[in-house]
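Novice: Pasting a structure here, questions to come.
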Amino acid sequence: MKKMALLRRINTVRSLYQTFELQQSSSFLLRSSRSYSTGFSNVPQFYGQGQGTTYCFYKTDNNAIPWTSRNKMTLRSTMAAELLIFLNDKKFLATQAKAPAQVRKTGAQLSITSPGLVCEPYAPGEPITFWKRYFTRTGWRRTKDDIKSELKSAYAIARLRRSGYSKNQFYKEAVELYKQINTLIANGDKTSLRKAVTENMFSALKNEIKQRESIWSKVYWEMVEPIVKIRTLRARLIGVDKNDVNKVFVQLTLEFLTKEKFEAYDSKGAVVAGDKTKEVLVRSIWVFEKSLFHPGAYWRLCGRIKM
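Here's what the structure looks like:
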């Protein structure tokens, strides 16, 4: 009996030690990816079409974690081992989207200007306690998924930086796009709006403008500068040709915290909603997209996420 009790104690200590090592390894990976990606999350690399389906999958060069400078990295515990298996196995991820109808019907190779989808739309994770994260199977799975997300984000940012990406410059451009697109929507300028958004996004915004104009005759919108806050929540790579890994689109999900003014009028010019003398704090999550293989490509709005 004494031997059995001693054995149980030894196993308990061993489990706690492995959990502690996992915590250190997980923290290292999360800190590394955050410092490298400056807040970006989620980035599989996607490739092309097969039997009417566009697939998304993640792949690293030489089966290595994209940004690590070490030759080897040992992560102990079952969860860490599963993570390494994931990295070394070039599997398809869950995200899939049907190819455009014309491609499915004819099988023709078209010049794709947008994948037509938001890959793995951002959703905030539920709060989780320290105890549940590190001492339950559910928590281990959550931690593993979080690490995968960070790894995919870091890889996408690394790929984007090859094209000359600068976070500060992109943020300036994103704020201008945010202001420009909202102004065009308020003015109902569909011609100019078409150039600033993807095809699918334009179709949605056009219907939104039509519905709004049936209620209000005119609207006033203004963003108070400077912007309160902007940060990146997620990044994704989307491939459109499984035979050419360079044919990819990048999607960055940004959170804007802004002060805005709004007022709506009826056909007689009377105010029916809002007050342009008051500033309202608004949180918006937008997804911007850019081709990394089309010459002269630029950032466009491809989605808005409602929280």
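Under UniProt numbering, read the sequence shown as residues 1 to 307, first letter to last.
Don't be surprised by glycine CBs; every beta carbon is placed ideally from N, CA and C.
Since the structure is predicted, the reported quantities are computational estimates derived from the model, not experimental observations.
Do A156 and A235 have their C-beta atoms closer together than 7 Å?
Specialist: Their beta carbons are under 7 Å apart, which means A156 touches A235 by this criterion.
Novice: Residues bridged to S291 by DSSP?
Specialist: DSSP, once it has assigned bridges, lists F249 as partnering S291.
Novice: Say whether the stretch 178–197 touches the stretch 143–158, bearing in mind that this needs 3 or more beta-carbon pairs closer than 8 Å, one atom from each stretch.
Specialist: As far as the Cβ criterion goes, the stretch 178–197 does not touch the stretch 143–158, which means the pair count is below three.
Novice: Only counting the same chain, and skipping five residues up and downstream in sequence, which positions put a Cβ closer than 6 Å to that of K290?
Specialist: Only V250, A297, W299 meet the Cβ criterion.
Novice: Ordered along the chain, which non-local residues of its own chain (more than five positions away) have a Cβ less than 6 Å from that of E222?
Specialist: Answer for E222: K261, listed in chain order.
Novice: Give the single residue among V197, T232, M201, L257 whose Cα lies nearest to the Cα of E225.
Specialist: Of the listed residues, the one whose Cα sits closest to E225 is L257.
Novice: Taking the straight line between their C-alpha atoms, what separation do you get for L254 and I285?
Specialist: Roughly 6 Å between the two C-alpha positions.
Novice: Buried or exposed, going by whether 16 or more other CB atoms sit within 10 Å of the CB of I209?
Specialist: The residue is buried, with at least 16 neighbouring Cβ atoms inside 10 Å.
Novice: Taking only runs that begin and end inside the UniProt domain "Tim44-like" (151–306), name each unbroken alpha helix (DSSP H) of 4 or more residues, in chain order.
Specialist: Segments of the alpha helix (DSSP H) lying fully in the UniProt domain "Tim44-like" (151–306): 167–187, 190–196, 199–213.
Novice: Classify S114 as helix, strand or coil using the three-state DSSP reduction.
Specialist: In the structure shown, S114 sits in coil (DSSP, three-state: anything other than H, G, I, E or B).
Novice: Over the uninterrupted alpha helix (DSSP H) stretch that includes Y134, give me the two end residues.
Specialist: Where Y134 is concerned, the enclosing alpha helix (DSSP H) stretches over 130–135.
Novice: From the DSSP output, in three-state form, read off G139 for me.
Specialist: Helix.
Novice: Per the contact definition of three or more C-beta pairs closer than 8 Å, is the stretch 262–270 in contact with the stretch 213–221?
Specialist: With a cut-off of 8 Å, the stretch 262–270 and the stretch 213–221 count as touching, because enough Cβ pairs lie within range.
Novice: With a threshold of 16 other CB atoms inside 10 Å of the CB of G303, please say whether the residue is buried or exposed.
Specialist: Per the 10 Å Cβ criterion, buried.
Novice: Going by alpha carbons, who is nearest to V118 out of R133, V282, R141, E199?
Specialist: Here the closest residue by C-alpha is E199.
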